[in-house]
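Residues in the sequence shown are numbered from 0 upward in steps of one, following numbering that gives the first Met the number 0. Beta carbons: idealized from backbone N, C-alpha and C, even for Gly. This one's a predicted model, so the numbers in the text were calculated from it and none came from an experiment. Written below as structure tokens is the structure these notes are about.
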Amino acid sequence: MKRNNTEFNKTNVGEIVTLYGWVSKKRDLGGLVFIDLRDRSGIIQLAIRPECAVYNKVLEIKNEYVIKVVGEITLRENSNPNLKTGDIEVIVSDVEVLNESRELPFDLNKVTALEDTRLKYRYLDLRRNELKDKLIMKSLIMQSARDYLNNNEFLEIETPILCKSTPEGARDYLVPSRVNKGSFYALPQSPQLFKQLLMASGFEKYYQIARCFRDEDLRADRQPEFTQIDLEMSFVNEEDVMNLTEGLLANIFKKTKGINLNLPFNRMTYEDAFNMYGSDKPDTRFEMVINDITNAFVDTDFGVFRGVIDDGGMINAIVVKNAADRYSRKDIDKLTEVVKSYKASALAFLKYDNEFTGSIAKFVDEKTGDLLKEQLHLENNDLILIVAGNKKIVKTSLGALRLKLGKDLDLIDSSKFNFLWVTDFPMFEYSEEEGRYIACHHPFTHPMDVDNLDDKENALARAYDIVLNGYEIGGGSIRIHKPDVQEKVLEALEFTKEDAYNKFGFLLDALTYGTPPHGGLALGLERLTMILSGTDNIRDVIAFPKTTSASCLMTEAPNEVSIHQLDELHIKLK
Ligand code: ASP
């Protein structure tokens, strides 16, 4: 059995070893050849001296050849502290070329090639440590998740990939059925309904490292197929699911990073998160919360603020501590662009230095000034950035501005892992696109108050998200387990009874046969891997990813298929 290159160190000096790997780099010093031999574990240096019987053969060897060598481990003259095996080298006595390699289309040691080229030869790009380490991290996360869940009596159960299309949420990927002419399967957007049905079956604790498929427009952090660590439990409440998830994440962090997380994680309601951070996934690694300063301006005769207040809007501010002198008008114009992209009409500002200056200073009378000083705990050289308008615009625009300032001013401690539960989500959200209320989480989420579903703006759900450093890494809910409640919720979502039965009849039926109370959650495996391996690009954590136009440059999927195949599927292209 092959041994790892990096198993060897000073203690092995004098041993004759057989090594396998790729020629990562060959240096011919004329009379002495060095090879960096690479395997998955890392690099070991080979030295081939002129007196070596295979010296001439070695001269023929090129980068990326796969070789087997026999040699003696010796101490290196100049050790290399950057290598795990940096104290030793192998004096080669025999070499066998197991396979040759053409010249690679790009240099693995320099990442200068275009991403498209690297994606076309993904199997070569994956030889680079940078990508390899991320996939190793992903594998470790999966292993530690499995260990933890197996130790906690969870059963790993697979659910179908060929499913029924239930167009709620994202667009489905469809698969035509050959046997059932004119019918289609859908690939699962998540195993949601199946995992609930497994609870109806009595499995009590389920998990799966589940592939999910969503046909959405892609971005840097989205792929058409992705993976969830998906779990579901019976006879539980929010507390149970959160505790279990905290234990699971603690195990993952311990096993992958050696970090002991502080449990329990902080919690915040959706309402507070939105009010203070303008987001349902706040980055709590720095403060700079959003303040509602409408009160300070109730009597204002500043036309813009007056109009906003009279229309039921609000005036909010963030304070950038000790930074007033660092922001010119021009800088503030740039910040204005940020809030404008969130539909805010303008960004007002004040600077405080015993007195107020800035764009709206003349509307700050003594009373308003005192109120601001007290509420915002102002100190000299503070910069106050203000947006007025309706709540959604004010909060989201200041939330985005806060994040930008956090980055620009280097306020974020990147060594921190700040976990936060966001709870008490709204049950419904209004979809401009569909012109109706849709489920904020999904239609199977238990409402906080079953009798208060008519007040769509204020109804709350028993849903929770887990946020890490400003990213939603997972979410879940307590589910509806009673048929009458499920029917009520579907009714509130404007499903006709017929429509509901057509789409989820199997679930509605199951709820009538003794389905236990249950709840669960899913963690986004790619997002977690991205954070743990420090990348913003989801493609880095998927072995064979798609481009933003959903194609695989290596295999050239999706591809056209033959007329014969289409005929068999009863499909005619338009
Ligand atoms: N299936 C849900 C999702 O994909 C997660 C859950 O509710 O467990 O968002």
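- Going by the C-beta, is Ser-233 closer than 7 Å to any heavy atom of the ligand ASP? Taking the sequence shown and counting its residues from 1, the one referred to as residue 233 is at position 234. Exclusion of Ser-233 from the 7 Å shell around the ligand ASP follows from its C-beta lying no nearer than that to any non-hydrogen atom of the ligand.
- How about Phe-575 and Lys-204: do their beta carbons lie closer than 8 Å? The chain is shown from 0 up to 573; residue 575 falls before or after that span and cannot be answered.
- Message: Can you give me the C-alpha to C-alpha distance between Val-560 and Lys-545, rounded to a whole angstrom?
- Response: Your numbering for residue 560 matches position 561 in the sequence shown. Your numbering for residue 545 matches position 546 in the sequence shown. Taking the straight line joining both Cα atoms gives about 19 Å.
- Item | Leu-520: CB within 7 Å of a non-hydrogen atom of the ligand MG | Inclusion of the ligand MG in the displayed structure is not the case, the ligand content consisting of the ligand ASP alone.
- Looking at the structure shown, is Gln-227 part of a helix, part of a strand, or coil, going by DSSP? Your numbering for residue 227 matches position 228 in the sequence shown. Looking at Gln-227 - three-state DSSP - the assignment turns out to be strand.
- Query: Cα separation between Asp-216 and Ser-548?
  - Reply: Residue 216 sits at position 217 when you count from the first residue of the sequence shown. Residue 548 sits at position 549 when you count from the first residue of the sequence shown. The straight-line gap from Cα to Cα measures roughly 8 Å.
- Message: Judging by CA-CA distance, which residue of Asn-294, Ser-164 and Met-136 is the nearest neighbour of Asn-501?
- Response: Along the sequence shown, one-based indexing puts residue 501 at 502. The shortest CA-to-CA distance from Asn-501 to any of Asn-294, Ser-164 and Met-136 is the one to Ser-164.
- Roughly how many angstroms separate the alpha carbons of Tyr-120 and Leu-134, rounded to a whole number? To locate residue 120, count along the sequence shown from 1; it is residue 121. To locate residue 134, count along the sequence shown from 1; it is residue 135. Computed Cα separation, rounded: 17 Å.
- What's the call for Lys-342, buried or exposed, on a 16-neighbour Cβ count within 10 Å? What you label residue 342 is simply residue 343 of the sequence shown in a count that begins at 1. Looking at its Cβ environment, which holds fewer than 16 other Cβ atoms inside 10 Å, Lys-342 is exposed.
- So what does Asn-315 bridge to, in DSSP terms? For the purposes of this step, residue 315 is identified with residue 316 of the sequence shown, where counting begins at 1. Asp-291 and Val-386, per the DSSP bridge assignment.
- So what does DSSP say about Gln-207, is it helix, strand or coil? Taking the first residue of the sequence shown as position 1, residue 207 is located at position 208. In this structure, DSSP gives Gln-207 an extended state, which the three-state scheme calls strand.
- Stretch pair the region 111-130 + the region 508-525: three plus CB contacts closer than 8 Å: Between the region 111-130 and the region 508-525, the count of C-beta pairs closer than 8 Å stays below three; the two stretches do not touch.
- Is Ser-189 near the ligand ASP, in the sense that its beta carbon is under 7 Å from a heavy atom of that ligand? Walking along the sequence shown from the start, residue 189 turns up at place 190. If you check the C-beta of Ser-189 against the ligand ASP, you find a heavy atom less than 7 Å away.
- Check whether Gly-277 and Gly-388 have beta carbons under 8 Å apart: Taking the first residue of the sequence shown as 1, we reach residue 277 at position 278. Taking the first residue of the sequence shown as 1, we reach residue 388 at position 389. Between Gly-277 and Gly-388, the C-beta gap is not smaller than 8 Å, which leaves the two residues out of contact.
- Item | Per DSSP, cross-strand counterpart(s) of Arg-247 | The count along the sequence shown starts at 1 and reaches residue 247 at position 248. Note on residue identity: the sequence assigns Leu, not Arg, to residue 247. For Leu-247, which the question treats as bridged, DSSP gives no partner whatsoever.
- Task: Give the single residue among Val-89, Leu-36 and Glu-433 whose Cα lies nearest to the Cα of Val-65.
- Result: Reading the sequence shown from its first residue, position 66 is the one you call residue 65. The residue from Val-89, Leu-36 and Glu-433 with its alpha-carbon nearest to that of Val-65 is Leu-36.
- Message: For Pro-80, tell me which candidate among Leu-404, Ile-208, Thr-293 and Ile-42 has the shortest Cα-Cα distance.
- Response: Within the sequence shown, numbered from 1, the residue matching residue 80 stands at position 81. Between Pro-80 and the set Leu-404, Ile-208, Thr-293 and Ile-42, the nearest pair of CA atoms involves Ile-42.
- Out of curiosity, what's the CA-to-CA distance linking Phe-105 and Trp-21? Counting from 1 along the sequence shown, the entry for residue 105 is found at position 106. Counting from 1 along the sequence shown, the entry for residue 21 is found at position 22. For the pair Phe-105 and Trp-21, the Cα-to-Cα distance works out to about 16 Å.
- Excluding the five sequence neighbours on either side, which residues of its own chain have a C-beta within less than 6 Å of the C-beta of Ala-69, listed in chain order? By 1-based counting over the sequence shown, the position of residue 69 is 70. The amino acid at residue 69 is misidentified as Ala; the sequence shows Val. In its chain, beyond the 5 residues on either side, Thr-17, Ser-92 and Asp-93 have a beta carbon closer than 6 Å to the beta carbon of Val-69.
- Query: What three-state label does DSSP hand Met-241 in the structure shown?
  - Reply: Residue 241 sits at position 242 when you count from the first residue of the sequence shown. Helix, per DSSP.
- With a threshold of 16 other CB atoms inside 10 Å of the CB of Asp-464, please say whether the residue is buried or exposed. Taking the sequence shown and counting its residues from 1, the one referred to as residue 464 is at position 465. Under the 10 Å beta carbon count, Asp-464 is surrounded by 16 or more other beta carbons and is classified as buried.
- Query: Ends of the alpha helix (DSSP H) at Arg-305?
  - Reply: Counting from one through the sequence shown, the residue named residue 305 turns up at place 306. Unbroken alpha helix (DSSP H) run through Arg-305: 302-309.
- Message: Could you check whether the Cβ of His-480 sits closer than 7 Å to any heavy atom belonging to the ligand ASP?
- Response: Working through the sequence shown from its first residue, we reach residue 480 at position 481. Outside the cutoff, so no.
- Report yes if the C-beta of Gln-227 is less than 7 Å from at least one heavy atom of the ligand ASP; otherwise report no. Here residue 227 is taken as the residue at index 228 of the sequence shown, counted from 1. Relative to the ligand ASP, Gln-227 has its C-beta within less than 7 Å of a heavy atom.
- Task: With DSSP collapsed to three states, give me the class of Thr-268.
- Result: In the sequence shown, residue 268 corresponds to position 269, counting from 1. Under the three-state reduction of DSSP, Thr-268 is assigned to strand.
- Neighbourhood of Asp-577 by C-beta, 7 Å cutoff - its chain only, sequence neighbours within 5 removed: Residue 577 is absent from the structure shown; the chain starts at 0 and stops at 573.
- Task: Report, in whole angstroms, the separation of the C-beta atoms of Ile-331 and Asn-315, which I expect to be a contact under 8 Å.
- Result: Position 332 of the sequence shown, counting from 1, holds the residue named residue 331. Position 316 of the sequence shown, counting from 1, holds the residue named residue 315. Actually they are not in contact, since the Cβ atoms of Ile-331 and Asn-315 sit about 17 Å apart, beyond 8 Å.
- For His-376, does the count of other Cβ atoms within 10 angstroms reach 16, so buried, or fall short, so exposed? Reading the sequence shown from its first residue, position 377 is the one you call residue 376. Burial call: exposed.
- Item | When Leu-113, Glu-378, Val-363 and Leu-248 are compared against Ala-144, the one with the closest alpha-carbon | Here residue 144 is taken as the residue at index 145 of the sequence shown, counted from 1. Taking only the C-alpha atoms, the option nearest Ala-144 is Leu-248.
- If you draw a straight line from the C-alpha of Asn-149 to the C-alpha of Arg-401, how long is it? Translated into the one-based positions of the sequence shown, residue 149 becomes position 150. Translated into the one-based positions of the sequence shown, residue 401 becomes position 402. In a straight line, the C-alpha of Asn-149 is about 41 Å away from that of Arg-401.
- Taking only the alpha-carbon atoms, compute the straight-line gap between Cys-51 and Val-32 and give it to the nearest angstrom. The residue labelled residue 51 in the question sits at position 52 within the sequence shown. The residue labelled residue 32 in the question sits at position 33 within the sequence shown. C-alpha separation (whole angstroms): 11 Å.
- Item | Beta-bridge pairing of Ile-477 - partner residues as DSSP gives them | The sequence position of residue 477 within the sequence shown is 478, counting from 1. Bridge pairing for Ile-477: Gly-518 [DSSP].
- Message: Considering Cα atoms alone, identify which of Leu-230, Arg-266 and Lys-56 is closest to Asp-27.
- Response: Along the sequence shown, read from residue 1 onward, the residue named residue 27 stands at position 28. Comparing Cα-Cα distances from Asp-27 to each of Leu-230, Arg-266 and Lys-56, the minimum goes to Lys-56.
- Message: Given a cut-off of 8 Å on the beta-carbon distance, is the pair Val-12 and Leu-97 in contact?
- Response: As a working mapping, residue 12 is identified with position 13 in the sequence shown. As a working mapping, residue 97 is identified with position 98 in the sequence shown. Result no, Cβ atoms of Val-12 and Leu-97 do not sit closer than 8 Å.
- Please go through the region 43-114 and give each complete alpha helix (DSSP H) segment of 4 or more residues, from N-terminal end onward. Whole alpha helix (DSSP H) segments, 4+ residues: 54-59.
- Take Tyr-19 and list the residues in its own chain whose beta-carbon comes closer than 7 Å to its own, dropping the five residues that flank it on each side. Residue 19 sits at position 20 when you count from the first residue of the sequence shown. Around Tyr-19: Lys-1, Asp-38 and Lys-67.
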